[in-house]
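Encoded as structure tokens, the structure appears first; notes follow it.
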Amino acid sequence: MARNQSYIESTLPLEEITIESQRERGASSALPPLYFLHVWWARRPLTASKAAVLGALLPAEVSDKHFKNLLGISGDPIAAQKAILEASKTNIRIKNPFGYGRAFTHNLTVEQINELKSLYEKYLGTDSPMVLDPMAGGGSIPLEALRVGARVVAAEYNPLAYVILKATLEYPAKFRLALAKEIERWGEWVNEKARSYLNEFYPRDKNEHVLAYIWARTVRCPSCNLTVPLSPNWWLSRQKGRKERIAVRLKAPHQGRGDEVAFEIIDTANHPSLDPNKGTVAKGKASCPRCNNTIRDDYIKTEAQKGRMGHQLYAVFIKRKTGLKKWEKTFRLPTKEDLEAYQKAIPIVEKGAFLGAEQIPRESFPEGSDNRPLWYGMPTWDKFFNARQLLTHATYLYYILEAKKRIIDKYSGEDHKRAIAVVTYLAFILDKSLDRDSILARWEQSRRIIVNTFDRHDFAFTWSYGEMNLIVEDLGFEWAVEQIVDAYKGLCGLLEGVDASNVQVCLGSSTDLSYVEQPVDTVVVDPPYYANVMYGELSDFFYVWMKRILG
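The numbering of the sequence shown is our numbering, which starts it at 1006 and goes up by one.
Listed below in structure tokens is the structure:
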């Protein structure tokens, strides 16, 4: 018998859903927790995902008002948006004009779930419909299907996405909040062990904490032999609303007086003639600050491919003690100790004489749709990190593998899956560190932060980059632990009351659905847009490290 028309086939409050979806992503600090769990390159708004799932599962007879309430839209988002636009014209700040929390934060009440089950039964002939998403990606659609009382089969062909789905859907529903303490405890254990080993490579003073090192890639000028630091601009800080504008000024030595550029940190207000926007590289070509020779892009690529592109540290971002309990963030030039600490890492890495050396991912970067890493001397995955970054990540990997042995020894039998879950989140902590601490992670001067490697959906080469101090207190690896633990807790909150048996996560292709063993009531999917995102190539950045942990 033909099914009656579904709600999504008859009507849909698109404007309200669109506004709520924009609102959901409007504040980077208040995004849904799955955004903070792991990088994925095409996350869909939870509000839109819930609308698609509910719209497919409910009959057309449901009223728009009722449908919006189920989505968590309990006010008038259209009026709220108009109020925001009016306020922006007059520069007047207004409190939350929506009058309710972000829609994605709304968990359905027991009464609402029971009501939905009744509607499902009448419309679909079952009170627990099965939803299939065979290209589930970051998991927005299956997450929302679970939250509206459906059973879910979430599948992915990409192994990284498969693990993300397990960590987003299955583990929070199965192990609940109690697992958060174990993730945190083991993350802290790994950090403590790694810190003690890595201290000598990150010198510090009792009155300051080094937060980041700011580097430029370098090549030799073929005309005058100067080591040219390559950067599109020389800004360190130009935050909105602050008069302070901090940059570095290059000081190239005269011919015969050395071949390395020196730097000076300045406030541009006191040097109006300096233009920090004028860097030494643009559109792939460089300009020598000593002889003004134009350095061709093919020369730079050749030097990089022959292993002759270097790194020059030109600024250090620190938190400095200014009083009894007062600290300020500022910049200074690198000291002799900073430079020696980095240089110490180079021969150690070259000899492989460090913890985790045998686990370093030296697989080839896949030649394909984005060959920029190959053009600029990064033919293998280990070349995405400078010497200290590589040493540091390998050390953390070593201790995560040590933790894995202890965790698996601790659990046996039925608890083995619990051990796998904890180790999975430890792998995510390392992935978050890798994403923030590679030579493709650029320094963002407007926010004074290191932007993650994949702030874009490609392997864009970064001429100047930020190196995170992974062992510093409150940041680095400690920050990554906190991010994963908080994301896990947030997912537990969204999945509160969800039956863990309702989710099945599969590693499989969308062209072969043999893993689907039960009748499906609806398929809700957001397919990839042809070759818009290079999921496979981008995922390999994490996969080559993750497979060493998870097998």
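Here a beta-carbon is modelled for each residue, glycine too, at the ideal position from N, C-alpha and C.
Everything numeric in this text was worked out from a predicted model, so none of it was measured.
CA-to-CA distance, residue j to residue i, given in whole angstroms
| i | j | result |
| --- | --- | --- |
| valine 1224 | leucine 1042 | 37 Å |
| glycine 1130 | alanine 1155 | 13 Å |
| valine 1401 | tryptophan 1191 | The sequence as given places tyrosine at residue 1401; valine does not occur at that position. Straight-line Cα distance between these residues: approximately 12 Å. |
| threonine 1016 | phenylalanine 1109 | 21 Å |
| threonine 1052 | arginine 1461 | 24 Å |
| arginine 1367 | asparagine 1275 | 47 Å |
| leucine 1019 | valine 1529 | 17 Å |
| glycine 1289 | glycine 1312 | 18 Å |
| tyrosine 1202 | isoleucine 1476 | 10 Å |
| arginine 1107 | glutamine 1027 | 10 Å |
| asparagine 1204 | arginine 1325 | 19 Å |
| threonine 1173 | alanine 1492 | 9 Å |
| glutamate 1180 | leucine 1344 | Per the sequence presented here, residue 1180 reads as phenylalanine, with glutamate not at that position. The alpha-carbon atoms of phenylalanine 1180 and leucine 1344 are separated by roughly 46 Å. |
| aspartate 1375 | phenylalanine 1466 | 11 Å |
| lysine 1198 | alanine 1166 | 30 Å |
| aspartate 1440 | phenylalanine 1546 | 9 Å |
| isoleucine 1271 | isoleucine 1219 | 15 Å |
| glycine 1080 | arginine 1393 | 52 Å |
| proline 1164 | tryptophan 1045 | 12 Å |
| glutamate 1193 | tyrosine 1548 | 23 Å |
| glycine 1556 | phenylalanine 1464 | 26 Å |
| alanine 1088 | serine 1292 | 50 Å |
| glutamate 1021 | lysine 1094 | 22 Å |
| leucine 1090 | glutamate 1029 | 17 Å |
| glycine 1284 | tyrosine 1207 | 28 Å |
Residue i, DSSP secondary structure in three states
| i | result |
| --- | --- |
| threonine 1114 | coil |
| tryptophan 1045 | coil |
| tryptophan 1386 | helix |
| valine 1558 | What the structure shows of the chain is the stretch from 1006 to 1556, and residue 1558 is not part of that stretch, so it cannot be assessed. |
| methionine 1140 | coil |
| methionine 1539 | coil |
| tryptophan 1484 | helix |
| arginine 1337 | strand |
| valine 1525 | coil |
| glycine 1471 | strand |
| methionine 1006 | The predicted model places methionine 1006 with a pLDDT of 48, which falls under 50 and marks its position as unreliable, so this point remains unresolved. |
| leucine 1017 | coil |
| leucine 1216 | strand |
| arginine 1441 | helix |
| alanine 1287 | strand |
| glutamate 1506 | Reading the sequence as shown, one finds serine at residue 1506 and not glutamate. DSSP places serine 1506 in helix when its eight states are reduced to three. |
| serine 1201 | helix |
| serine 1374 | coil |
Cross-strand partners of residue i (DSSP beta bridge)
| i | result |
| --- | --- |
| leucine 1255 | Phe1268 |
| histidine 1316 | Arg1222 |
| leucine 1064 | For the record, residue 1064 in the displayed sequence is proline; it is not leucine. Bridge partners of proline 1064: Ser1011. |
| tryptophan 1239 | DSSP, once it has assigned bridges, lists no residue as partnering tryptophan 1239. |
| threonine 1232 | Arg1225 and Glu1265 |
| serine 1292 | Thr1299 |
| methionine 1551 | Answer by DSSP bridge pairing: none, since methionine 1551 is not bridged. |
| leucine 1512 | Glu1161 |
| isoleucine 1455 | Trp1448 |
| arginine 1325 | Glu1213 and Glu1333 |
| alanine 1172 | None; alanine 1172 has no bridge partner. |
| serine 1369 | Thr1385 |
Buried or exposed by the 16-neighbour rule on C-beta atoms within 10 Å, applied to residue i
| i | result |
| --- | --- |
| histidine 1398 | buried |
| alanine 1346 | buried |
| glutamate 1265 | exposed |
| aspartate 1303 | exposed |
| asparagine 992 | No answer is possible for residue 992: the residues shown for the chain start at 1006 and end at 1556. |
| methionine 1006 | Confidence at methionine 1006 is low in this model, with a pLDDT of 48, below 50, so its placement is unreliable and the value that follows should be read with caution. So methionine 1006 ends up on the exposed side. |
| alanine 1536 | exposed |
| serine 1369 | exposed |
| aspartate 1479 | exposed |
| aspartate 1414 | exposed |
| glycine 1263 | exposed |
| glycine 1495 | buried |
| tyrosine 1534 | exposed |
| glycine 1077 | buried |
| glutamine 1450 | buried |
Closer than 7 Å: residue i CB and nearest the ligand NAP heavy atom
| i | result |
| --- | --- |
| threonine 1114 | Annotation note on the ligand NAP: not contained in the displayed structure, which lists no ligands. |
* Asked: So, do the segment 1035-1051 and the segment 1491-1499 have three or more beta carbon pairs nearer to each other than 8 Å?
  -> yes
* To do: Decide if the segment 1065-1083 is in contact with the segment 1517-1534; the criterion is three or more beta carbon pairs, one per stretch, under 8 Å apart.
  => no
* Examine the Cβ distances between the segment 1433-1453 and the segment 1477-1490 and report whether three or more of them are shorter than 8 Å. => yes
* **Given 8 Å, three or more beta-carbon pairs between the segment 1338-1351 and the segment 1320-1328** => yes
* Asked: So does the segment 1524-1541 actually touch the segment 1142-1155, counting three or more Cβ pairs closer than 8 Å?
  -> yes
* **Meets three-Cβ-pair contact criterion under 8 Å: the segment 1414-1430 and the segment 1174-1184** => yes
* Does the segment 1233-1240 come close enough to the segment 1251-1270 to have 3 or more Cβ pairs within less than 8 Å? -> yes
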